[in-house]
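Written out below as structure tokens is the structure these notes cover.
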Amino acid sequence: MIVDFDSVAKWYGRIVGLVDVSLQLEPGVTGLLGPNGAGKSTFLKLLTGQLAPSQGRVEVLGVDPFRTPSLFRRLGFCPEQDAFYESMTGREFVTYLGGYFGMHGSTLRGAVDVALDRVGLIEESDRKIRGYSKGMRQRIKLAQALVHDPELIVLDEPLTGMDPMGRRRTIDLLRELGDEGRSVLVSSHVLHEVEAVTSRVVLIYQGRVRAHGAISEIRAFLDRYPHRILLRSPRARDLARELMAGEAVVGVRLDGDRVHLETRSPDELYAALPRLVLEKGIDIEELASEDASLDAIFEYLVS
Amino acid sequence: MIPLNGILLSARHAARSCMRGKRLFALLALVSLPLILTALSRIFDTPTMSANEFHGVVLMLMFLFTVPFSALLLGVGVLGDELEGRTVTYLWTRPVGRGWTYLGRYLGSGFGYAVLFVPAMFIALHVQTPVAALGDVSRLRPIAIGLGGFFVYLALFAMLRTLLKKALVAGMFYTLVVDLAVSRMPAVGAAKLSVWHHMMVVHCSAFEMGSARVTARLAQTIAPGETFTTSVVSLASIGLGSLALGMWMARTREYPVAGAVA
Chain C
1 MIVDFDSVAK WYGRIVGLVD VSLQLEPGVT GLLGPNGAGK STFLKLLTGQ
51 LAPSQGRVEV LGVDPFRTPS LFRRLGFCPE QDAFYESMTG REFVTYLGGY
101 FGMHGSTLRG AVDVALDRVG LIEESDRKIR GYSKGMRQRI KLAQALVHDP
151 ELIVLDEPLT GMDPMGRRRT IDLLRELGDE GRSVLVSSHV LHEVEAVTSR
201 VVLIYQGRVR AHGAISEIRA FLDRYPHRIL LRSPRARDLA RELMAGEAVV
251 GVRLDGDRVH LETRSPDELY AALPRLVLEK GIDIEELASE DASLDAIFEY
301 LVS
Chain A
304 MIPLNGILLS ARHAARSCMR GKRLFALLAL VSLPLILTAL SRIFDTPTMS
354 ANEFHGVVLM LMFLFTVPFS ALLLGVGVLG DELEGRTVTY LWTRPVGRGW
404 TYLGRYLGSG FGYAVLFVPA MFIALHVQTP VAALGDVSRL RPIAIGLGGF
454 FVYLALFAML RTLLKKALVA GMFYTLVVDL AVSRMPAVGA AKLSVWHHMM
504 VVHCSAFEMG SARVTARLAQ TIAPGETFTT SVVSLASIGL GSLALGMWMA
554 RTREYPVAGA VA
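Line by line, the protein sequences are chains C and A. Counted the way our numbering counts, the first sequence spans residues 1 to 303. Counted the way our numbering counts, the second sequence spans residues 304 to 565.
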């Protein structure tokens with residue numbers, strides 16, 4: 001077991017950060033999912049010893065992270081905030097922070113090169129950080145977390161602000177780290193980002209762990225609830241009538257030219273739409289899933 | 304075990320940050336004041352003040368203004384720079400205890416300042432003193448006392464930042480109220496709180512000359528019985544006590560950076 005939270009709660013004065021979280025994580029790659037403000041960062045700050053629990057017990061790799069600095073020889077942390085020593089170059093930044101692990105001279109230089117290479121920044125490493133793009137800043141944060149070759153890597157929203165190439169590269173790197181036998185805990189508020197890295201997730205919402213397990217199990221659970229879909233058409237009433245005639249739709253609400261649908265079989269509904277357009281001549285100007293946001297998924301889970 | 308490597312890294316980083324940007328400019332302005340005053344006195348050759356009296360004025364400026372305000376500027380940054388820059392997260396997730404990191408930053412800030420302060424004061428004191436006295440080692444004592452006082456102030460103001468977000472205001476209050484108003488305070492023990500007062504007692508006990516002797520008498524009026532030894536002990540107590548408390552606070556207190564409240 002790499003992480004053990006036992007009845008952990010965290011309050012900031014009257015604001016609740018986490019409530020009664022009991023959770024054990026096994027080695028491997030785990031996604032930490034939740035909408036913004038759900039408590040993911042609090043969870044990770046407790047896990048990396050930046051905060052102490054108001055109640056309960058936190059253990060990471062068998063020790064209390066708040067009181068055991070030596071833990072960080074085995075743990076690398078990539079924080080969420082966009083904060084740097086801006087006057088340093090990327091290489092200086094990683095070298096400075098890598099120096100705290102007791103590495104010197106050629107050992108440190110070698111470790112820095114490996115970390116920069118892994119995040120694809122070796123060629124840009126001698127530029128000042130203040131001139132880096134958002135994606136490069138994310139990657140240099142990742143490099144400082146990898147420089148000492150840790151066995152557990154904790155990443156707080158590492159894909160935020162990355163361009164598609166950087167995102168692809170980082171997702172590949174996280175998979176690679178998992179394949180090497182390292183444990184990785186990566187937080188995100190975007191389901192498909194986490195899905196691309198791992199199939200094992202912890203869902204946090206409103207300061208509580210709502211689900212913990214394989215994404216497929218969570219998806220199956222969610223399929224018990226109707227999916228909400230929005231359609232916009234100049235013939236909204238006709239569209240609603242036609243859709244209600246089929247078996248896929250379980251609920252309809254009209255709002256001007258918008259039709260809000262509830263369906264238990266979205267695939268069947270999506271297959272029926274082209275037929276309506278072609279055979280009945282009903283134009284559809286907009287189609288959107290109202291469940292796309294993680295907030296909606298969590299609302300289902302809570303309900 | 305003391306993590307010397309981590310302390311040295313923190314110290315080097317803090318010392319370098321003294322030598323950069325607006326902070327360097329502000330520190331240079333502060334340490335230049337006595338030098339500028341001395342240079343002006345040489346240029347205009349003030350007939351109303353003897354050399355010894357003028358020496359006292361320069362020392363007063365150094366002890367009462369340059370040293371505490373420089374320490375305030377750097378002290379609140381020992382922890383505050385990392386907190387406000389939100390880079391503290393990186394330091395707190397290294398295998399070096401937070402207290403040791405804090406100690407390293409404290410020492411680095413002090414060393415960085417010494418590099419500016421010592422040469423500037425050396426020049427200021429010797430520009431106004433006849434060249435023949437340059438070899439007099441005792442002339443270095445005020446600089447040593449100023450530097451010692453600086454480290455005490457630095458520990459005090461750095462510790463304030465571990466307790467308060469508005470440490471700059473609290474430090475300003477201390478400097479302006481406790482230090483400057485000390486001679487107006489009631490006699491009973493009030494001056495013991497003032498770093499400046501102890502610096503003056505140490506200085507005046509070591510030197511018997513001009514305005515310094517007057518200040519020594521004044522010091523005795525405020526805090527009867529204060530001697531060189533008691534003031535050195537008081538300075539050491541304030542400095543080491545503040546440093547130990549600051550290290551303990553850094554180790555045990557949470558400093559959530561922005562975004563922590565989720």
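By construction, the Cβ of each residue, glycine as well, lies at the ideal position given by its N, Cα and C atoms.
- The Cβ of A:Gly411 sits no closer than 8 Å to any Cβ of chain C.
- The beta-carbon distance between C:Ala248 and C:Leu231, rounded to whole angstroms, is 13 Å. This is too long to meet the 8 Å contact definition.
- Minimum Cα-Cα distance from A:His500 among the listed residues A:Ala423, A:Leu463, A:Val455 and A:Tyr393 corresponds to A:Val455.
- Within the DSSP bridge table, the entry for C:Tyr205 names C:Arg208 as partners.
- For C:Pro69, the residues of chain A that pass the 8 Å Cβ criterion are Arg397, Pro398, Val399, Gly400 and Arg401, in the order they occur in the chain.
- Annotated three-state conformation of C:Lys40 is helix, per DSSP.
- At a cut-off of 8 Å, the C-beta of C:Pro79 has a neighbouring C-beta in chain A.
- Within its own chain, the residues whose Cβ lies closer than 6 Å to the Cβ of C:Arg235, once the five positions on either side in sequence are excluded, are Ile282, listed in chain order.
- The three-state reading of DSSP puts C:Thr89 in strand, counting E and B together.
- The beta-carbon of A:Arg389 is placed less than 8 Å from the nearest beta-carbon of chain C.
- C:Leu173 and A:Ile305 have their C-alpha atoms some 36 Å from each other.
- At least one beta carbon of chain A lies nearer than 8 Å to the beta carbon of C:Leu51.
- Counting along the chain, C:Ser125 sits inside no beta strand (DSSP E), nor does DSSP assign it H or E at all.
- Distance from the CA atom of A:Met475 to the CA atom of A:Leu375, rounded to whole angstroms, is 8 Å.
- In the DSSP assignment, C:Thr198 is bridged to no other residue.
- Looking at the backbone, the Cα of A:Val504 and that of A:Leu307 are separated by about 35 Å.
- C:Asp156 is bridged by DSSP to C:Ser187.
- Taking 9 Å as the cut-off between beta carbons, the residues of the segment 80-91 of chain C near chain A are Glu80, Gln81, Asp82, Ala83, Phe84, Tyr85, Glu86 and Ser87, in sequence order.
- Sequence-distant Cβ neighbours of A:Leu457 in its own chain, meaning closer than 7 Å and more than five residues away, are Ala374, Leu377, Gly378, Tyr409, Ser412 and Gly413.
- The three-state secondary structure of A:Phe414, taken from DSSP, is helix.
- Contact between the segment 458-466 of chain A and the segment 541-561 of chain A is established, with three or more Cβ pairs separated by less than 8 Å.
- When C-beta atoms of the segment 118-130 of chain C are compared with those of the segment 100-110 of chain C, fewer than three pairs fall below 8 Å, so the two segments do not count as touching.
- C:Arg258 is bridged by DSSP to C:Arg232 and C:Asp255.
- Here C:Leu287 is exposed, its C-beta having fewer than 16 other C-beta atoms within 10 Å.
- Contact between C:Leu32 and C:Ser233 fails: their C-beta atoms lie close to 39 Å from each other, not under 8 Å.
- Residue contact check for C:Gly246 against chain A: no CB pair falls below 8 Å.
- Rounded to the nearest whole angstrom, the C-alpha separation of C:Pro226 and C:Gly39 is 27 Å.
- Residues of the segment 90-122 of chain C whose Cβ lies closer than 7 Å to any Cβ of chain A, in chain order: Tyr96, Leu97, Gly99, Tyr100, Phe101 and Gly102.
- One Cα belongs to C:Asp6, the other to C:Leu47, and the distance between them is close to 12 Å.
- Near chain A, meaning a CB-to-CB distance below 7 Å, no residue of the segment 175-195 of chain C qualifies.
- If you check the CB distance, C:Gly17 and C:Gly207 come in under 8 Å.
- Annotation: the continuous beta strand (DSSP E) that includes C:Tyr12 extends over Val3 to Tyr12.
- Rounded to whole angstroms, the gap between the alpha carbons of C:Ala111 and A:Ala317 is 24 Å.
- The Cβ atoms of C:Leu97 and A:Tyr393 lie closer than 8 Å to each other.
- Around the beta carbon of A:Phe328, fewer than 16 other beta carbons lie within 10 angstroms, which makes this residue exposed.
- Per DSSP, reduced to three states, the secondary structure at C:Glu59 is strand.
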